[in-house]
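Chemist: I have a structure I would like to understand better, so I am pasting it below and will then ask my questions one at a time.
Residue numbers (the numbering used here): 0 to 269.
See below:
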């Protein structure tokens, strides 16, 4: 009885120390280019922390690796789903399945887990060519990721995916910086008559030369010899500059008149 009990306990521990796939279920169909969904029950013993999922095809005895699609912590009970874009395949039939492996299954291949066979198609699903199995392939084999390090013959590979998407790169600063830097020099507003009249350097005009807006000649310089009338001066004072010339003329006229009168008087005496 004790041996039977120990066997039962051993089987229970072995069963709980794995990641148990729950989707895809047998017969599920997923559209090419659509969402392929994978679900599982987490390992509660902390053994499957380094879990990989491979897309496989072929028979049970001769499975063919197509690509590695996921890498996650299989002991995390908060996240037990993974989605990715379904690849295009050569055979639209239920001949594909996922293989779950970990460091634990590498040490003990009996712990490897598989899903039921499902199809990836364009909506028209064909029957499996060999009863319940067949061998498909990726249309674009160049995008395939090799077998993970948790299987025999596997190696370190680029991380094919995880449940926590990488944080997006913050380009706000770069974008704003680029937007704030003008690519062209500022141009005047078309149709505007406004021009920049600010001189590049400041200098005083030459002494004695004045200019007037709109004039095309120089005004008399400061201190030039010009006739001016002081504000408030009388008209008589303004005209006083003409008096000396007028006085000389008047004196000459008076002398001529006296000589003429003297000549007339002398003639009368004779």
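Glycine residues also receive a C-beta, built at the ideal position from the N, C-alpha and C atoms.
Since this is a predicted model, take the numbers as computed values, not measurements.
1. What's the C-alpha gap between residue 126 and residue 78?
2. Could you tell me whether the Cβ atoms of residue 65 and residue 74 are closer together than 8 Å?
3. Is residue 90 a contact residue of the ligand MG, with contact defined as CB to any heavy atom under 7 Å?
4. Short of 8 Å in beta carbon distance, which residues of its chain neighbour residue 156, apart from the five on each side in sequence? Order them along the chain.
5. Ignoring anything shorter than 3 residues or poking outside the region 89-127, list the beta strand (DSSP E) runs there in chain order.
6. Cα separation between residue 27 and residue 80?
7. So what does DSSP say about residue 138, is it helix, strand or coil?
8. Residue 118 and residue 111: beta carbons closer than 8 Å?
9. Which of helix, strand or coil does DSSP assign to residue 132?
10. Would you grab the beta carbon distance between residue 38 and residue 21 for me? Rounded to a whole angstrom, and I think it's under 8 Å.
11. Tell me, please, which residues DSSP counts as bridged to residue 39.
12. Expressed to the nearest angstrom, what Euclidean distance is found between the alpha-carbon atoms of residue 34 and residue 120?
13. Under the three-state reduction of DSSP, which class applies to residue 28: helix, strand or coil?
14. Do residue 44 and residue 101 have their CB atoms nearer than 8 Å?
15. Among 140, 128 and 36, whose alpha-carbon lies nearest the alpha-carbon of residue 91?
16. Grouping DSSP H, G and I as helix and E and B as strand, with all else coil, what is residue 44?
17. Give me, in chain order, the residues of the same chain whose beta-carbon lies closer than 7 Å to that of residue 159; leave out the 5 immediate sequence neighbours on both sides.
18. Applying the criterion that 16 or more other CB atoms from any shown protein chain within 10 Å of the CB defines a buried residue, is residue 94 buried or exposed?
19. Which residue's Cα is closest to the Cα of residue 23: 134, 130, 52 and 62?
20. In the DSSP assignment, the beta strand (DSSP E) including residue 69 goes from what residue to what residue?
21. Would you please state the rounded distance, in angstroms, between the beta carbons of residue 136 and residue 89? I believe it to be under 8 Å.
22. Reducing DSSP to helix, strand and coil, say where residue 57 ends up.
23. Grab the span of the beta strand (DSSP E) containing residue 84 for me, first residue to last.
24. Whole angstroms is fine: what's the gap from residue 99's alpha carbon to residue 113's?
25. With distances taken from CA atoms, which of 42, 122, 97 and 19 is nearest residue 278?
26. Using the Cβ count rule (16 or more neighbours within 10 Å means buried), how would you classify residue 72?
27. May I ask you to report which of helix, strand or coil DSSP gives residue 74?
28. In the structure shown, what three-state DSSP assignment does residue 149 receive?
Modeler: Taking the structure as given:
1. Inter-residue distance for residue 126 and residue 78 is about 34 Å (C-alpha atoms, whole angstroms).
2. Not closer than 8 Å, so no.
3. Absence of the ligand MG is noted for the structure shown, with no ligands found whatsoever.
4. In chain order, 67, 144, 145, 146, 147 and 148 place their CB closer than 8 Å to the CB of residue 156, counting only its own chain and leaving out the 5 sequence neighbours on each side.
5. Entirely contained in the region 89-127, the beta strand (DSSP E) runs reaching 3 residues are, in chain order, 95-100 and 118-120.
6. Cα to Cα, residue 27 sits roughly 16 Å from residue 80.
7. Residue 138 falls in the coil class under three-state DSSP.
8. Not in contact: residue 118 and residue 111 (Cβ atoms no closer than 8 Å).
9. Under the three-state reduction of DSSP output, residue 132 falls in the coil class, being neither helix nor strand.
10. Between residue 21 and residue 38 the Cβ distance is about 5 Å, and since that is below 8 Å, they are a contact.
11. Paired residues: 20.
12. Put simply, the backbone Cα of residue 34 is about 12 Å away from that of residue 120.
13. Residue 28 falls in the strand class under three-state DSSP.
14. Residue 44 places its beta carbon 8 Å or farther from that of residue 101.
15. Relative to the Cα of residue 91, the nearest Cα in the group 140, 128 and 36 belongs to 128.
16. Here residue 44 sits in coil by DSSP.
17. Correct list, in chain order: 67, 68, 69, 70 and 144.
18. Result: buried.
19. Minimum Cα distance to residue 23 is reached at 52.
20. From DSSP, the beta strand (DSSP E) with residue 69 extends over 62-71.
21. Taking a contact as a CB-CB distance under 8 Å, the pair residue 136 and residue 89 counts as one, their CB atoms being some 5 Å apart.
22. For residue 57, the secondary structure class from DSSP, reduced to helix, strand or coil, is strand.
23. Per DSSP, residue 84 belongs to the beta strand (DSSP E) from 80-84.
24. Inter-residue distance for residue 99 and residue 113 is about 6 Å (C-alpha atoms, whole angstroms).
25. Nothing in the structure corresponds to residue 278, since the chain is present only between 0 and 269.
26. A residue is called buried once 16 or more other Cβ atoms fall within 10 Å of its Cβ, and residue 72 is buried on that count.
27. DSSP, reduced to helix, strand and coil, places residue 74 outside both helices and strands of the structure shown, so it counts as coil.
28. Residue 149 falls in the coil class under three-state DSSP.
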